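Chemist: The following block contains the structure, expressed as structure tokens.
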Amino acid sequence: PRPVPVSAVHKANNATNNQPANTCGSASQADTQEGGGVYGEEFLSGLRGLLCFSVRAHREMADSSLVQKIDQRLPVANEYLLLSGGARDGVLDLNPADLGNYAKGADFDLDFTLLVPALKLHDRNQPVTLDMRHSPPCHSWLSLRLCDNAVLSRWSSLDGCYFAPSLVTDWFWGVVREAVEELRRSPQRGIPTAERLERNGPLTTIVLQAGSSRVLYDLLPVVSFRGWPAVAQGWLTANHFWDGKITEEEAISGFYLLPCCSPGGGRADREWRLAFSRSEVQLKKCIPFPMVQAFQAAKSILAPVLARPRSGLSLYHLRTLLFWACDRLPSAYLSCADPDTPNCPNYFLPQCNMLEHLSDGQALFVARKLACVRSDPLEHLRAAQQAGQLKKELLANANGHGSPGHHSNGIISPSEDKLAQRLQQLVTENPGKSISVFLNPDDVTRPHFRIDDKFY
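Start counting at 1 in the sequence shown, then tack on 8, and there's your number in our numbering.
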């Protein structure tokens, strides 16, 4: 059935769609990097011990996780969304100043973002109230007055029955940190070790290491919904590049609230930001390959421009432009009354200008940087390509002389090296496909691979 709209202010029932919910410890099919990549559950065995994951999750209920033992607030049957790329890669619309600084190669080898529902409102009989009266577009307060007593008792620290994002992120950071400390005190065979654990705004960032491989996970507590918000109903009536390629049910399978207030000085204790990550995962499957190549080229050039110093923009703005470009940039998007006014409409909520928070100074700084790039785009692309090649050579040399990612004795076990080579071969031979690796914590030498729906 088609999802029932969730009213912006009034209550409504959430409806499920034809996609089955993944239960305890199961990760939804993960996002892919443009042009192919790893969907990856390579290091999820490490997170399984922290959250609700289990190596048997695809067959049966998961064992209790450390987080669940410490504080039983996470939903027992939960559903996670694993996105390829860290928060700094623009997979989510988060405030750039909160993301922290991590460099691929120096700090990690692969990065992912994991959305962890602290509250899952998927029941069609569960009334929901999104209160947008006090927030700018794309933001909302979440009232739990209509929720059952079990939900209210789990979050008894709420202020006035509003689900407070600042309290949720504080709680999540605390329990994950305690769980990591417990794992460090009692390491388990086959479970990657936590090399780093840091908090970056609403994010809990953890770097897991197994052998010579280091994987960074940005963990974010969210509120998960089935259905579609009434405020975004207009998006469904417009023509889009994905029409006829995926069904509407796939495109609007659900949405999230992120613990992120508006950048213009919103209330961190009240405001949540609407996110349509599920839809974005589906839409990216329909992006034409030339557009993917153009995005990657723009990303390689603009990523350093946006990162240093912080400009108030992130790579998520570039991803938004990619979606608009795939829709062939409708005339309403180009016919801005004042072309000098910073304007980047949210793809799902065009009434939300994602650049409205920029000061005149910030806008002028970004405009000058972009003008410099546009003056000679070929030269900037060539420079980005050379920098990428140099980085690969430096990493190759470092790996040959005991890089930080290796064991302290500099020795990589043959099984670890063979697994890395096999995984790289699968990625090369199956571009754009869903590739997962299942590891048994008691025997990491015998991984099981899944490509789309086939196991090997």
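Even glycine gets a Cβ: it sits at the ideal position worked out from N, Cα and C. The model shown is predicted, which means the values in this text are computed figures rather than measured ones.
1. Going by the beta-carbon positions, is the gap between residue 121 and residue 226 smaller than 7 Å?
2. Within the chosen definition, does the segment 377-384 reach the segment 392-401 through at least 3 CB pairs nearer than 8 Å?
3. So residue 184 packs on residue 203, CB below 8 Å; how close in whole Å?
4. Report, in whole angstroms, the separation of the C-beta atoms of residue 101 and residue 324, which I expect to be a contact under 8 Å.
5. Less than 7 Å between C-beta atoms, sequence neighbours within five positions excluded: which residues of the same chain meet that for residue 386?
6. Return the chain-ordered ranges of every beta strand (DSSP E) run that is complete within the segment 83-109 and spans a minimum of 3 residues.
7. Considering only residues of the same chain and omitting the five flanking positions on each side of residue 357, which have a CB-CB separation below 8 Å?
8. Whose C-beta lies closer than 8 Å to the C-beta of residue 381 among residues of the same chain, with five residues either side of it excluded?
9. Give me the residue from 321, 329, 327, 392 with the minimum Cα distance to residue 364.
10. Using CA atoms only, rank isn't needed, just tell me which of 384, 334, 119 is closest to residue 298.
11. Could you give the uninterrupted runs of the beta strand (DSSP E) lying entirely in the segment 181-264, keeping only those of 3 residues or more?
12. Compute the Euclidean distance between the alpha carbons of residue 267 and residue 182, then round it to the nearest angstrom.
13. Under the rule that 16 or more other beta-carbon atoms within 10 Å means buried, what is residue 290, buried or exposed?
14. Mind checking which residues open and close the alpha helix (DSSP H) that includes residue 332?
15. For the alpha helix (DSSP H) containing residue 378, list its first residue and its last residue.
16. Using 8 Å as the threshold, is the segment 81-99 in touch with the segment 190-198, meaning 3 or more CB pairs across them?
17. Just the Cα atoms here: how many angstroms apart are residue 273 and residue 110?
18. On the criterion of 16 or more Cβ atoms from any shown chain inside 10 Å, does residue 296 qualify as buried, or is it exposed?
19. I'd like to check one pair, residue 232 with residue 125: are the Cβ atoms closer than 7 Å?
20. What are the boundary residues of the beta strand (DSSP E) that includes residue 150?
21. Going along the chain, which residues of its own chain have a beta-carbon closer than 7 Å to the beta-carbon of residue 169, five neighbours each way excluded?
22. Between 253, 217, 235, 288, which has its C-alpha nearest residue 89's C-alpha?
23. Quick one: residues in its chain with C-beta nearer than 6 Å to the C-beta of residue 123, no 5 flanking neighbours on either side, listed in chain order?
24. As a quick exercise: from 113, 130, 140, 205, pick the residue whose alpha carbon is nearest that of residue 275.
25. Residue 280 and residue 173 look like a contact to me (Cβ under 8 Å); what is the Cβ gap, rounded to whole Å?
26. With distance defined between alpha-carbon atoms, name the residue in 361, 362, 349, 359 nearest to residue 368.
27. Here's a check: name, in chain order, each residue in its chain whose Cβ is nearer than 8 Å to the Cβ of residue 319, leaving out the five neighbours to either side.
28. Would you give the residue range spanned by the alpha helix (DSSP H) that residue 493 belongs to?
29. When the Cα atoms are used, what is the spatial distance from residue 236 to residue 383?
30. What's the call for residue 327, buried or exposed, on a 16-neighbour Cβ count within 10 Å?
31. From residue 262 to residue 188, what distance separates their C-alpha atoms?
32. Going by Cα to Cα distance, which pick from 234, 459, 265 is closest to residue 257?
Modeler: Result, derived from the coordinates:
1. yes
2. no
3. Contact doesn't hold; Cβ gap of about 15 Å is too wide.
4. 5 Å
5. Spatial neighbours of residue 386 in its own chain (CB-CB distance under 7 Å, excluding positions within 5 residues in sequence) are not present.
6. Listed in chain order, they are 88-92.
7. 145, 146, 239, 240, 243, 282
8. 309, 310, 313, 388
9. Here the closest residue by C-alpha is 321.
10. 334
11. Segments of the beta strand (DSSP E) lying fully in the segment 181-264: 201-208, 211-218, 221-233.
12. 16 Å
13. By the beta-carbon neighbour count (other beta carbons within 10 angstroms, threshold 16), residue 290 is buried.
14. 323-334
15. 368-383 is the span of the alpha helix (DSSP H), which, as asked, contains residue 378.
16. no
17. Residue 110 has its alpha-carbon roughly 26 Å from the corresponding atom of residue 273.
18. exposed
19. yes
20. 147-151
21. Short of 7 Å from the beta carbon of residue 169, and not among the five residues preceding or following it, lie these beta carbons of its own chain, in chain order: 151, 152, 153.
22. 288
23. Cβ contact annotation for residue 123 (same chain, cutoff 6 Å, sequence separation greater than five): 89, 228, 230, in chain order.
24. 140
25. 6 Å
26. 349
27. 104, 313, 370, 373, 374, 377
28. Absent from the structure is residue 493, since the part of the chain shown begins at 9 and ends at 464.
29. 42 Å
30. By the neighbour-count rule (16 or more Cβ atoms within 10 Å), residue 327 is buried.
31. In this model, residue 262 and residue 188 are separated by some 31 Å (Cα to Cα).
32. 234
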